[in-house]
Amino acid sequence: MKRVKLLGYEIDDFDFASAIKYAQELMSNNKVNQVVTINPEMFTTAENDREFSEILNNAEMVIPDGIGVKIGLKIMGENVARIAGVDFARKMIEVAAESNMPVALIGAKPEIIEKAVSNLKSEVENLNIVYSHDGYFDNWDEIMDELKNTSPRLILVALGSPKQEKFIYKAKQCLNPALMIGVGGSFDVWSGVVQRAPEIYQKLGLEWLYRTIKQPERFKRIFPALPLFVLKVLKYRIGGKEC
Ligand code: UDP
968 MKRVKLLGYE IDDFDFASAI KYAQELMSNN KVNQVVTINP EMFTTAENDR EFSEILNNAE
1028 MVIPDGIGVK IGLKIMGENV ARIAGVDFAR KMIEVAAESN MPVALIGAKP EIIEKAVSNL
1088 KSEVENLNIV YSHDGYFDNW DEIMDELKNT SPRLILVALG SPKQEKFIYK AKQCLNPALM
1148 IGVGGSFDVW SGVVQRAPEI YQKLGLEWLY RTIKQPERFK RIFPALPLFV LKVLKYRIGG
1208 KEC
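Take 968 as the starting number for the sequence shown in the working numbering and just add one per residue.
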């Protein structure tokens, strides 16, 4: 397994198939393992949030989700494959179903999670969803207890970032062995309410542009983040800080 560095954080350099293979191993060992699907906004969060920075440093797997991370790594001289978190998580659901591993889904609005669960059940043969809950809860301990009682081996958490990564980090201290992935807006896609960008946008790395056109309220959040991130990496590179 190769890890590359970006702005001081390590990122896994996998192709899609090897990422799935490695995640499958993590799903079967005797620990709670955390997968972060990293994007440029998360680096900015980590700058101002010590706990989040520690989470990034301790995650068992960090995969480059956004095109921004791929561009950033390119500036640092590394050519890595971008792995979309939504595709990675969906494939892991199939892998869990094939290996008879119980699955849990936590996050998104109540009607979204309900629809996502029912779509997944009808699309994925042999899928065993032992627990699901929407993402609008205050009592983390109650959800942790329910997860402990149902013992899923794959847990997908869609609470937005950094909340989902913090939830998973806490779970590492108290849950039974499982692979936990922060999956952002994936349940919205699986529910059918949010459309993925057409393949051509995905291939060109312009999914963010499509989503911004479809959800203009994301513009303020996403747009400045990408060029600012590229500038930050360039400064880092010129400053010669990476080694
Ligand atoms: N979400 C949630 N609880 C919260 C905040 C957000 O369940 O307290 C859900 C939200 O409904 C959405 C998901 O988290 O389904 C991810 O949201 P966002 O679009 O911010 O994620 P992104 O894909 O941009 O990381």
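Note that the Cβ used here is the ideal one computed from N, Cα and C, for glycine as well.
Exercise for the section: Considering only heavy atoms of ligand 1, list every residue whose Cβ is less than 5 angstroms from one of them, following chain order. Expected result: Those satisfying the condition are, in chain order, G1074, A1075, G1102, A1125, L1126, G1127, G1151, G1152, D1155.
Review point. Could you give the residue range of the beta strand (DSSP E) that holds D979?
Key: On the sequence shown, position 12 is the one that residue 979 refers to. Counting along the chain, the beta strand (DSSP E) containing D979 begins and ends at 976-980.
DSSP on Y1098, reduced to helix/strand/coil? Here residue 1098 refers to the residue found at position 131 when the sequence shown is read from its first residue. Residue state, collapsed to three classes: strand.
Fill in: Anticipated Cβ contact below 8 angstroms, K1076 with Y1103, distance rounded
Here residue 1076 is taken as the residue at index 109 of the sequence shown, counted from 1. Here residue 1103 is taken as the residue at index 136 of the sequence shown, counted from 1. Confirmed, Cβ separation roughly 7 angstroms.
Under 8 angstroms between C-beta atoms of A1083 and F1154
Walking along the sequence shown from the start, residue 1083 turns up at place 116. Walking along the sequence shown from the start, residue 1154 turns up at place 187. Yes, Cβ-Cβ distance for A1083 and F1154 is below 8 angstroms.
Practice prompt. Would you kindly work out how many angstroms separate the C-alpha atoms of L1094 and Y1203, rounded to a whole number?
Written response: Along the sequence shown, one-based indexing puts residue 1094 at 127. Along the sequence shown, one-based indexing puts residue 1203 at 236. Each residue's alpha carbon lies about 45 angstroms from the other.
### Task
Any chance you could list the beta strand (DSSP E) runs of at least 3 consecutive residues sitting entirely within the segment 1042-1100, in chain order?
Under the rule that a run must span 3 or more residues, the beta strand (DSSP E) segments found entirely inside the segment 1042-1100 read 1070-1074, 1096-1100.
Inset, instruction - Out of D1105, G1151, G1152, I1122, point me to the one whose CA is closest to A1138's CA. - result: For the purposes of this step, residue 1138 is taken as residue 171 along the sequence shown, with counting starting at 1. For A1138, the nearest C-alpha among the options comes from I1122.
Can you tell which of L974, K998, E1008 has its C-alpha closest to the C-alpha of A1186? Here residue 1186 corresponds to residue number 219 of the sequence shown, with the count starting at 1. Correcting the residue type first, residue 1186 is Phe in the shown sequence and not Ala. Per the Cα distances, E1008.
Notebook entry, point to check: Got a sec, what are the start and stop residues for the beta strand (DSSP E) R1185 sits in?
Noted result: The count along the sequence shown starts at 1 and reaches residue 1185 at position 218. Per DSSP, R1185 belongs to no beta strand (DSSP E) and is neither H nor E.
#### Entry: CB-CB length for V1053 against V1150, believed under 8 angstroms
To locate residue 1053, count along the sequence shown from 1; it is residue 86. To locate residue 1150, count along the sequence shown from 1; it is residue 183. Rounded, the Cβ-Cβ distance is 7 angstroms, consistent with contact.
At least 3 beta-carbon pairs within less than 8 angstroms: the segment 1171-1181 vs the segment 1008-1018:
Pairwise C-beta distances place the segment 1171-1181 out of contact with the segment 1008-1018, as fewer than three of them are shorter than 8 angstroms.
Fill in: Per-residue DSSP class, three states only, for V1002
Along the sequence shown, read from residue 1 onward, the residue named residue 1002 stands at position 35. DSSP places V1002 in the strand class (E or B) of the three-state scheme.
task: Give me the Cα-Cα distance between M1111 and C1141, rounded to the nearest whole angstrom.
output: Residue mapping note: residue 1111 aligns to position 144 of the sequence shown, counting from 1. Residue mapping note: residue 1141 aligns to position 174 of the sequence shown, counting from 1. Using only the alpha carbons, I get a separation of about 8 angstroms.
Notebook entry, point to check: Three or more C-beta pairs closer than 8 angstroms, one from the segment 1057-1064 and one from the segment 1020-1038: is that the case here?
Noted result: The segment 1057-1064 vs the segment 1020-1038: no contact.
Problem set entry | Cutoff 6 angstroms; reference I1073; Cβ partners in own chain excluding five residues on either side | On the sequence shown, position 106 is the one that residue 1073 refers to. Contacts found: H1100, V1124.
In the DSSP assignment, the alpha helix (DSSP H) including A1145 goes from what residue to what residue? Working through the sequence shown from its first residue, we reach residue 1145 at position 178. It is not in any alpha helix (DSSP H) - A1145 instead sits in the beta strand (DSSP E) that spans 1145-1149.
Practice problem: Output the distance between the C-alpha atoms of K1143 and G1206, rounded to the nearest integer angstrom. | Solution: Position 176 of the sequence shown, counted from the first residue, corresponds to residue 1143. Position 239 of the sequence shown, counted from the first residue, corresponds to residue 1206. According to the sequence shown, residue 1143 is Asn rather than Lys. C-alpha separation (whole angstroms): 44 angstroms.
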